[in-house]
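A quick write-up on the structure given underneath.
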Amino acid sequence: MNRPPAGLYNPHSTMGHTVRVRYAPSPTGMQHIGGVRTALFNYFFARSQGGTFILRVEDTDQTRFDPRALQDIYDTFEWLGITADESPAAGGDAGPYVQSERLDLYRSYADRLVQAGRAYWDYTSARRDHDAESNSGEAGGYNYEGRDLTPERVAEYRAAGVKPVLRLLVPADGKTSFDDLVLGTIKRKNKDLPADPILLKSDGFPTYHLANVIDDHLMGITHVLRAQEWVPSTPLHLLIYEAFEWEPPRFAHLPMVMGKDGSKLSKRHGATSLIEFRRQGYLPEAITNYISMLGWSYDDSREFFTRQELEDLFSVEKINKAPAVFDYKKLDWYNGQYIRRCDDDRLVELLLPYVQAAGWAAGSGGDGAGAEDRERLAALLPLIKERLKLLADVSDLLRFVYEDVNSWSLDDLIPKKATAGEALAWLDAATAVLEDRPLPEAGDDAAEEAYTEALREAAESAGTKLGNLMMPLRVAITGSRVSPPLVGSIRELGMDEARRRIAGARAVLAAAAEKNA
RNA sequence: GCCCCCUUCGUCUAGCGGCUAGGACGUGGGAUUCUCAUUCCCAAAACAGGGGUUCGAUUCCCCUAGGGGGUACCA
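FYI, in our numbering the residues of the first sequence are 1 to 517.
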C-alpha cells in the first residue's frame, strides 16, 4: 500500500464511526433554494448524530468559476447560522477543502486506476462543443475507439499535440445496485451507464465523478445526502469506488424542489437564490424552517422549529421520496409569523436597512443610523409589526410618516355612499376631537380606548358611525385609505404636521362641497 | 428514444393492513375591528386508474397512465 498522500483523512485517528457528511457546492452561481436545502439537511443530520459537517468547494469547472459565488457560499452559511466543522475557512485534517488545490491528488489516484486496468487514456475524443453535439441528435456518441489504441497510434496523437482524457472502463455486463436510505434499493445495468465516462478532462481537471469519489473517500465521508438528480450516476460512482477497492459511503438522495408547474425550480418561478430572499426581507429562521419542511417532516402537526430543534430532531428516516413544490405563499406566512415573534430591538435593526434605503435614516445596511433613527423606528414598530409580511414592506407602511403628503384624492376622502359635504363635516368633527383631547401615550391601551370612544361619540353626534369619521381623517393624514391604526399614527406624526395635512385635505373637500352646492 | 425515480386535498404533509383519512398554507364564510393586517371560529377540498395478495387495502405486489430526473471534457 502506498503511503497516504498529505491531506489524507484517517478515520482511525479520531473517533471510530462518527458520521461525517459534506455539502459540496460548485461556485458557479448564487446559492439557491435547492442547494441550501441540501446543505441544511447535511448539517442537521451531522448535528443530530453528533457527527461532523464539512464544506467542500467543487471548483473543477474552470470556465464557470465565479468568485462572487464562492463568497456567496460563506455569506449564506453565516446568514443562516450554519457552521462547517471543516471547510476552506475553518481548515481541518482532511484538507485542502477546495478541489482546485487537490489536482495532484486526483492525478495520482487516476494513475492507480490506469495501472489497475480500470481506466485508460483516450486520445480519440477531440474536444467537441457540447451544444453542437446535442444538435446532432447523438448525445455522447462515444464509440470506445480509444480503448485499444496501439502504441503507434498513441505516439501519433501525442506528436500531434493531442491532450487525452482519462476514461473509466465500464464493464459491459452485470449490474450495479445500492441501498438508498431514502429510495430503497436501486439497480442499474452497467450497459445502461454512460459509455466509459470521462474521469480527467483534457485540461487535467477531474470531472465531478472522479473528484467526488476521491474526496469523499479521503475525507472519510460516511453518508452522502444529495439531490435526486444524482441517482442515475450513483452506480457509476460505485464502480469507481470498486475500482479503487474502497468502501463506498451510504447514500440518501433528497427529493427535488420544484416550481409551481412541476418542473425543477428555476428563475422563471420567482426568486430562487437566497440573496434575493434576503434582500426582500425574509428572516433566516423563516427560510430555514420552511426549507426544512420541503421533503421532510417531524410528525403530523408540528410546523415550527428553531434551528437548534432541527439539529436535535432531524432524521433521514423522515425524508420523503416525492418531489416538493416550493410554495411562496407558505414561505410568506412563515415569515410573517417569525416577524411577529421577533424581539422588537432586533426587528428595529433588521428594518433599519430598508428605512435607510428609502432615504429616511442616515447610513446604510444598518450602519450609520443614529440613536434618533432607531428610537423613531422603535416607536413606530407597534403600528406595523403585525402588518409586515416582508421586512421590505416597511417602506410602504411608513411612507406617510417619513414623507410629505401633499395631494389628496377626493374619491378616497369621501366614504362610500357619502357626499363631499358629509365628509367635510365628519373630518371637522374628528378634527375637533383631536384639538380637544391630548393624544394617548404610546402603549397606554386604556387611554387609546378612551380616545377612540371620544371619536365614536363625536361620530354619533354627527349622525354617523366611527368608520365614517375615521376614513376622511385617515386619508387626510396618510394619503391612503389603508394605514396603520390612525390615532397612534397621528401621535407619531405629531399634531403640527397632522394639522397641516388636515387643512390640505379639508380644502379639497371644501372645494368639492362648494361645487355641489 | 433509452435508463432511473416518484404518485394522499390546489400546495406542503401525517398515515407504516382495520381511521368519520389528521394538520398546515392557500381559498370561501363568519366573529373581533377606525381601514388594512393580526387573532379566533366554521366550511369546501385528497388516497391517479386497473388487476391481484388478504377476512380486510391509502398502506404489500404487478401493470397502465401521469409527473420528474438522467443521458456533457457541468456540477
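Beta carbons are placed, not taken as given, at the ideal position from N, Cα and C, and that holds for glycine. No experiment lies behind these values; they were computed from the predicted model shown.
By Cβ distance, which residues of its chain are closer than 7 Å to residue i, with the 5 residues on each side in sequence left out?
i	result
PRO11	Here PRO11 scores only 41 on pLDDT, less than 50, and its place in the model is too uncertain to base an answer on.
GLN228	HIS253, LEU254, PRO255 and MET256
ALA69	PRO27, THR28, GLY29 and MET30
VAL251	Correcting the residue identity first, residue 251 is Phe in this sequence and not Val. So the list reads PHE178, ASP180, LEU181, VAL224 and THR234, once near-sequence residues are dropped.
VAL213	HIS237, ILE240 and TYR241
PRO164	TRP121, ASP122, TYR123 and SER202
Identify which residue in the options has its Cα closest to the Cα of residue i.
i	options	result
ASN289	GLY81, ARG147, VAL165 and PRO171	GLY81
ALA454	ASP436, ASN468 and THR222	ASP436
ASP445	ALA462, ALA458 and GLY488	GLY488
GLY35	SER315, ASP111, GLU285 and LEU274	LEU274
GLY141	PRO353, PRO197, LEU113 and GLY91	PRO197
PHE326	ARG47, MET258 and ARG20	MET258
SER407	VAL508, VAL162, ASP367 and GLU349	VAL508
THR185	ARG158, ASP215, PRO235 and LEU169	PRO235
PRO96	ILE502, ASP215 and LEU210	ASP215
ASP180	LEU239, PRO151 and VAL316	VAL316
PHE44	ARG20, ASP261 and ARG158	ARG20
GLU242	LEU200, GLN99, LEU169 and ARG491	LEU169
VAL475	LYS187, ARG346, GLY368 and ILE490	ILE490
GLU497	LEU410, GLY463, TYR402 and LYS187	TYR402
ASN335	ASP345, GLU386 and ASP299	GLU386
GLU101	GLN62, THR83 and GLY161	GLN62
ASP111	LEU199, ALA425 and LEU473	LEU199
PHE65	PRO25, LEU397 and LEU310	PRO25
PHE244	ALA116, VAL433, ASP75 and GLY363	ALA116
ARG500	ILE54, ALA511, VAL114 and THR478	THR478
ASP312	PRO323, PRO284 and TYR298	TYR298
ILE291	ASP300, PHE305, ARG279 and GLN280	PHE305
Please classify residue i as buried or exposed, where buried requires at least 16 other C-beta atoms within 10 Å of its C-beta.
i	result
PHE400	buried
SER87	buried
THR60	buried
GLU58	buried
ALA172	exposed
GLN99	buried
ASN143	exposed
ASN516	exposed
GLN549	In the structure as shown, the chain starts at 1 and stops at 517, and residue 549 therefore has no counterpart that could be examined.
ALA459	buried
PHE277	buried
ARG158	exposed
GLY92	buried
ASP412	buried
ALA371	exposed
GLU441	exposed
VAL433	buried
ARG47	buried
GLU156	exposed
Per DSSP, which residues does residue i bridge with? Please list them.
i	result
ALA252	LEU225
SER273	HIS32
ASP77	Per the sequence presented here, residue 77 reads as Phe, with Asp not at that position. Bridge partners of PHE77: none, in fact.
ARG278	Its beta-bridge partners do not exist; DSSP assigns none.
THR52	ARG20
TRP246	Answer by DSSP bridge pairing: none, since TRP246 is not bridged.
VAL57	VAL98
LYS264	MET258
GLU86	ILE54
ARG167	TYR120 and ILE198
Using a Cβ-Cβ cutoff of less than 6 Å, which residues in the same chain neighbour residue i once the five nearest sequence positions on both sides are dropped?
i	result
ALA358	SER395
ASP72	MET30 and GLN31
THR14	Note that THR14 has pLDDT 42, beneath the 50 cutoff, so the model's placement of it is unreliable and no number is given.
THR431	ILE502
VAL348	ARG374, LEU377 and ALA378
LYS465	ALA459
ALA513	ALA420, GLY421 and LEU424
ASP129	Because the pLDDT of ASP129 is 46, which lies under 50, any placement of that residue in the model is unreliable, and the number read from its coordinates should be weighed accordingly. The answer is none, since no qualifying residue turns up.
Suppose the cutoff is 8 Å on Cβ atoms and the five residues either side in sequence are ignored; what does the same chain contact list for residue i look like?
i	result
ASP332	LYS389 and LEU390
TRP296	PHE41, PHE314, LYS318, ILE319 and ASN320
THR522	Coverage of the chain is limited to positions 1 through 517, which leaves residue 522 absent and any answer about it impossible.
HIS269	GLY259, LYS260, ASP261 and PHE326
MET293	GLU303
Runs of alpha helix (DSSP H) wholly within the segment 172-244 (minimum 4 residues, chain order): 208-218 and 234-244
Contiguous alpha helix (DSSP H) assignments of at least 4 residues, all confined to the segment 311-380: 328-341 and 344-357
Within the segment 91-129, ranges of the alpha helix (DSSP H) (whole runs, at least 4 residues): 103-115
Length-filtered (4 minimum) alpha helix (DSSP H) runs lying within the segment 407-475: 410-413, 420-436 and 445-461
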